[in-house]
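S.K.: The sequence shown runs 27 to 158 under my numbering.
Positions of the beta carbon are idealized from the N, C-alpha and C atoms, including for glycine.
The structure presented is a predicted model; accordingly, all values stated were derived computationally and were not measured.
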Amino acid sequence: MSQDSYLFDTHALLFWYEDYEVSKEFITFFNKQNLLGRLYTSSVCFWEVALLVQKGRIRISSDMHEWASVLFDAGVRLLTPTVTEIINSVALPRHHKDPFDRLLIAQAIAQNMVLVTRDEIIQEYPVMQLWM
27 MSQDSYLFDT HALLFWYEDY EVSKEFITFF NKQNLLGRLY TSSVCFWEVA LLVQKGRIRI
87 SSDMHEWASV LFDAGVRLLT PTVTEIINSV ALPRHHKDPF DRLLIAQAIA QNMVLVTRDE
147 IIQEYPVMQL WM
């Protein structure tokens, strides 16, 4: 992977897919990156979205299986955390309490990827970020 690859934080993935609360420039840029094969999402994002849907905290425009299928059919690549990334996420400074975000940070660092997020706390970590 390289700095030309982008790993979506869960909310960034949702906002891009649902075209919600993001600029036209954001959508256009990431649609282009997707066509170039540079967009990634972590498998943990699907776990987090499923939990949020189950709790009624968010709604998505389709059921979870269809949502995932559409993303993969569109070309978004799946990044599965390695054992090292999982362990490293626990070893990160405790600025962020969310284990999903800590794992995304560890994955982005290990894979030398840009983490796309709106989460201000993530700015406290040594990870390349693109602020939404």
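Grab me the residues of F243's own chain with a C-beta within less than 6 Å of its C-beta, minus the 5 sequence neighbours each way, in chain order.
M.R.: Since the first residue of the chain shown is 27 and the last is 158, residue 243 is not available in this structure.
S.K.: Kindly indicate the opening and closing residues of the alpha helix (DSSP H) around T110.
M.R.: Against the sequence shown, residue 110 aligns to sequence position 84. From DSSP, the alpha helix (DSSP H) with T110 extends over V109 to A117.
S.K.: Decide if A117 is buried, meaning its Cβ has at least 16 other Cβ atoms within 10 Å, or exposed.
M.R.: On the sequence shown, residue 117 is found 91 positions in, with the first residue counted as 1. So A117 ends up on the exposed side.
S.K.: What does a CB cutoff of less than 7 Å around E150 pick up in its chain, not counting 5 residues either side in sequence?
M.R.: Taking the first residue of the sequence shown as 1, we reach residue 150 at position 124. Result list for E150: H121, in chain order.
S.K.: Where do the N-terminal and C-terminal ends of the alpha helix (DSSP H) with L62 fall, by residue?
M.R.: Taking the sequence shown and counting its residues from 1, the one referred to as residue 62 is at position 36. Looking at the DSSP string, L62 is not in any alpha helix (DSSP H), and its letter there is neither H nor E.
S.K.: Pop quiz: R64 and D35 are said to be a contact at Cβ under 8 Å. What is the actual Cβ separation, rounded to whole angstroms?
M.R.: Working through the sequence shown from its first residue, we reach residue 64 at position 38. Working through the sequence shown from its first residue, we reach residue 35 at position 9. About 16 Å separates the two Cβ atoms, so there is no contact after all.
S.K.: Using the three-state DSSP reduction, which class does Y151 fall into: helix, strand or coil?
M.R.: Counting from one through the sequence shown, the residue named residue 151 turns up at place 125. Y151: coil per DSSP, three-state reduction.
S.K.: Exposed or buried, I148, counting other C-beta atoms within 10 Å across all chains shown (16 or more means buried)?
M.R.: Position 122 of the sequence shown, counted from the first residue, corresponds to residue 148. I148 should be labelled buried.
S.K.: Under a three-way DSSP split, which group does V142 fall into?
M.R.: Working through the sequence shown from its first residue, we reach residue 142 at position 116. Strand, per DSSP.
S.K.: Residues in the same chain with beta-carbon distance under 7 Å from L78, minus the five sequence neighbours each way, listed in chain order, please.
M.R.: Position 52 of the sequence shown holds residue 78. Here the set comprises I84.
S.K.: If you pair each beta-carbon of the segment 109 to 116 with each one of the segment 127 to 135, do three or more pairs fall below 8 Å?
M.R.: Cβ pair count under 8 Å is three or more, so yes.
S.K.: List the endpoints of the continuous beta strand (DSSP E) containing Y32.
M.R.: Here residue 32 refers to the residue found at position 6 when the sequence shown is read from its first residue. Run containing Y32: Y32 to F34, per the beta strand (DSSP E) assignment.
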